[in-house]
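*Asks:* Let me give you the structure first, and then I'll get to my questions.
Numbering (mature numbering (1 follows the signal peptide of the UniProt record, and there is no 0)), first residue to last: -17 to -1, 1 to 286.
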């Protein structure tokens, strides 16, 4: 009977250990709004292991960390544990491994199967801007089709000047930028299916499959090379980042580059090393994206 009781207690303890625990430390007297999925949160945090080892803290950088909740930009324990939170509210999250970094852990800092403790304070809430209809931005005359002139003008606005592009490409090992007019011609070779000199929304539905095929062939290899380069420089790269190329890049395109131009450099400079890597890889992939012609067009016109 005693053995049975101990076994039951062990099972109960294990069950609770596998669940997210959210302790509310303090709540402000006034709360005008609470965090919800899709919001951009500004958060101060300190992360420790169960033995008290601190592995990261935004307080050490004196800069809150910004991210979009519910978009998969952070570990699941954060996406779940930071909802319905007031500005100024403080919480303590106890996050099991399956909602953190799993059995693989994160480099040499977070061991596999580790339970994570986070002391967090919500500093601000901003609503994510609505997605832009880029097709309409390109379609200046609003005739629901794109001419070569409209596409070329749009690409010129979104490609850095040649000298700057070559400098960035040389520094990062990315391909050299191409002439916007040449890119436009190659876009129309792929997208102007009836060869009438225009591209309509009807044919853009085929973009996704070509994006996926081209991504697997070109972007993934480039992504891998940059991962290895950053690892060689001693950066903190989790296996999770390395294993989820496709999902990460899709999330970057959808969630980070709101204006379809570039990510705020401050986010790269002030984020944790893991998140720095996330954004740095985006900047590398963005440079390559500009070279993939119809791939670029599909990304820019994704609605």
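Every residue gets a Cβ at the ideal spot worked out from N, C-alpha and C, and that includes glycine. Given the structure is predicted, the values throughout are model-derived calculations rather than measurements.
Give the single residue among 126, 74, 99 whose Cα lies nearest to the Cα of residue 26.
*Replies:* Here the closest residue by C-alpha is 74.
*Asks:* Take residue 294 as the anchor and find which of 68, 24, 183, 61 has the nearest alpha-carbon.
*Replies:* A question about residue 294 goes unanswered here, because the residues of the chain that appear run from -17 up to 286.
*Asks:* So, for residue 3: in the same chain, excluding its five sequence neighbours on each side, which residues have a beta-carbon less than 8 Å away from its beta-carbon?
*Replies:* Here the set comprises 60, 63, 64, 76, 77, 78, 79, 82.
*Asks:* Any idea which residues DSSP pairs residue 100 with across the strands?
*Replies:* 31, 77
*Asks:* What are the partner residues of residue 50, as DSSP defines its beta bridges?
*Replies:* 24
*Asks:* Indicate the three-state DSSP secondary structure (helix, strand or coil) for residue 166 in the structure shown.
*Replies:* DSSP, reduced to helix, strand and coil, places residue 166 within a helical segment of the structure shown.
*Asks:* In angstroms with no decimal places, state the Cα-to-Cα distance between residue 163 and residue 126.
*Replies:* 23 Å
*Asks:* Quick check: the stretch 3 to 16 against the stretch 38 to 57, are there 3 or more CB pairs under 8 Å?
*Replies:* Taking one beta carbon from each stretch, the stretch 3 to 16 and the stretch 38 to 57 have fewer than 3 pairs nearer than 8 Å; the two do not touch.
*Asks:* Helix, strand or coil for residue 67 per DSSP?
*Replies:* coil
*Asks:* Within 10 Å of its beta-carbon, does residue 110 have 16 or more other beta-carbons around it, so buried, or fewer, so exposed?
*Replies:* It is exposed - the Cβ of residue 110 has fewer than 16 other Cβ atoms within 10 Å.
*Asks:* Considering only the alpha carbon of each residue, which of 68, 70, 177, 84 lies closest to residue 341?
*Replies:* Outside the modelled stretch of the chain, which goes from -17 to 286, sits residue 341, for which no answer is possible.
*Asks:* Could you check how far apart the C-beta atoms of residue 42 and residue 69 are, in whole angstroms? I think they sit under 8 Å.
*Replies:* Contact flag wrong, Cβ pair sits at about 20 Å.
*Asks:* Please look up how many angstroms separate the CB atoms of residue 101 and residue 30, rounded, as I've assumed it's under 8 Å.
*Replies:* The C-beta distance from residue 101 to residue 30 rounds to 5 Å, short enough to meet the 8 Å contact threshold.
*Asks:* Just verifying my parser: in three-state terms, what is the DSSP assignment at residue 57?
*Replies:* coil
*Asks:* Classify residue 39: buried if its beta carbon has 16 or more other beta carbons within 10 angstroms, exposed otherwise.
*Replies:* buried
*Asks:* When you compare the CB positions of residue 128 and residue 182, do they come within less than 8 Å of one another, or not?
*Replies:* For residue 128 and residue 182, yes; Cβs fall inside 8 Å.
*Asks:* Taking residue 135 as the reference, give the member of 50, 124, 90, 165 with the closest Cα.
*Replies:* 165
*Asks:* Among all the DSSP beta bridges, which residues are the ones paired with residue 183?
*Replies:* 128
*Asks:* Since residue 66 and residue 16 should fall inside the 8 Å C-beta cutoff, what is the C-beta to C-beta distance between them, to a whole number of angstroms?
*Replies:* Residue 66 to residue 16, Cβ: 12 Å. No contact.
*Asks:* For a quick check, are the C-beta atoms of residue 50 and residue 28 less than 8 Å apart?
*Replies:* no
*Asks:* What's the gap between the Cα of residue 87 and the Cα of residue 180?
*Replies:* 52 Å
*Asks:* For residue 46, tell me which candidate among 118, 58, 35, 24 has the shortest Cα-Cα distance.
*Replies:* The closest CA to that of residue 46, considering only 118, 58, 35, 24, is found on 24.
*Asks:* Check residue 105 in the structure and name its three-state DSSP category.
*Replies:* Collapsing the DSSP output to three states places residue 105 in a strand.
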